[in-house]
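Protein chains in written order, with our numbering: chain A, 4 to 116; chain G, 1399 to 1516.
Laid out in structure tokens, this is it:
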């Protein structure tokens, strides 16, 4: 009963390094999302994928890229990490872009030095 | 643009008392959904309750109820009989109507930290 699984859970990067956050869901959901959570800011949508084969920008997409690899998997890539990208990242999924609640992964804490 | 406002950064409530967490929203969509999530100190996001904009009845889930006042654009969460385990951050969220690429509106408020006092 895994739900939404994110890896890694913790990562420390140096400025300029790249990395990919992986996310997989086993609920046969159509829509997937990447959020970042910063103190006092709540959750802000980075990118989303309404359905397999589509991706689109959210509120704060700069510095990130995404890939919807298949229906199950949605990855988030930081090409050249910056200290401003230090945050907790959450992947989520839902039945559709406007149906069902969002199910969240456990979060990935990223620190960029 | 879509917006969620939670005006209470922090709240205290006595154990076994009821508490209301405020949430107001702004949208031009006719069809939308409102959610509440709980985030304990361990960090996971736990879905609590959902209200659709066309639902006539206020949503309830156990000790949680959503006081939906459409004309006032408010969707307050009411927790009855507070327990120590209710101490957490609470986020109100809104989802608008999806009509294709670039149209999606899915917004969270900044949260309210609830502390339950024994």
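Here a beta-carbon is modelled for each residue, glycine too, at the ideal position from N, C-alpha and C.
Counted within 10 angstroms of its Cβ, other Cβ atoms place residue i as buried (16 or more) or exposed
| i | result |
| --- | --- |
| residue 1480/G | buried |
| residue 17/A | exposed |
| residue 116/A | exposed |
| residue 41/A | exposed |
| residue 69/A | buried |
| residue 1452/G | exposed |
| residue 61/A | buried |
| residue 1468/G | exposed |
| residue 1436/G | buried |
| residue 1424/G | exposed |
| residue 101/A | buried |
| residue 1455/G | exposed |
Unbroken beta strand (DSSP E) run spanning residue i, endpoints
| i | result |
| --- | --- |
| residue 23/A | 22-28 |
| residue 1472/G | 1472-1477 |
| residue 35/A | 34-41 |
| residue 70/A | 67-71 |
| residue 14/A | 13-16 |
| residue 57/A | Note, residue 57/A: premise wrong, no beta strand (DSSP E); not H, not E. |
| residue 1449/G | 1444-1450 |
| residue 1490/G | 1486-1493 |
| residue 1502/G | First-last for residue 1502/G: undefined, no H or E at that position. |
| residue 1465/G | 1462-1467 |
| residue 105/A | Where residue 105/A is concerned, there is no enclosing beta strand (DSSP E), given that its DSSP letter is neither H nor E. |
| residue 9/A | 7-10 |
| residue 1437/G | 1431-1437 |
| residue 1419/G | 1417-1419 |
| residue 1412/G | 1408-1412 |
| residue 95/A | 90-97 |
Within chain G, the residues that residue i reaches when beta carbons sit closer than 7 Å
| i | result |
| --- | --- |
| residue 45/A | 1489, 1506, 1507, 1508 and 1509 |
| residue 93/A | 1443 |
| residue 48/A | 1504 |
Under 9 Å by beta carbon: chain G residues contacting residue i
| i | result |
| --- | --- |
| residue 110/A | 1441, 1442 and 1443 |
| residue 23/A | Going along chain G, no residue has its Cβ under 9 Å from residue 23/A, so there is no contact; the nearest lies around 21 Å. |
Expected contact under 8 Å - CB spacing of residue i and residue j to nearest Å
| i | j | result |
| --- | --- | --- |
| residue 1476/G | residue 1413/G | 16 Å between Cβ atoms; not a contact. |
| residue 111/A | residue 91/A | 7 Å |
| residue 46/A | residue 1410/G | Contact doesn't hold; Cβ gap of about 24 Å is too wide. |
Within chain A, partners of residue i - CB distance below 8 Å
| i | result |
| --- | --- |
| residue 1452/G | Result: empty, since nearest Cβ-Cβ is about 13 Å, beyond 8 Å. |
Chain A residues whose Cβ lies nearer than 7 Å to that of residue i
| i | result |
| --- | --- |
| residue 1496/G | 53, 100 and 101 |
| residue 1499/G | 57 and 59 |
| residue 1493/G | 101 |
Chain-ordered chain A contacts of residue i [CB-CB under 9 Å]
| i | result |
| --- | --- |
| residue 1433/G | 104 and 105 |
Residue i Cβ short of 8 Å to the ligand SAH heavy atom set
| i | result |
| --- | --- |
| residue 1505/G | With respect to the ligand SAH, the structure shown offers nothing to examine, as it has no ligands at all. |
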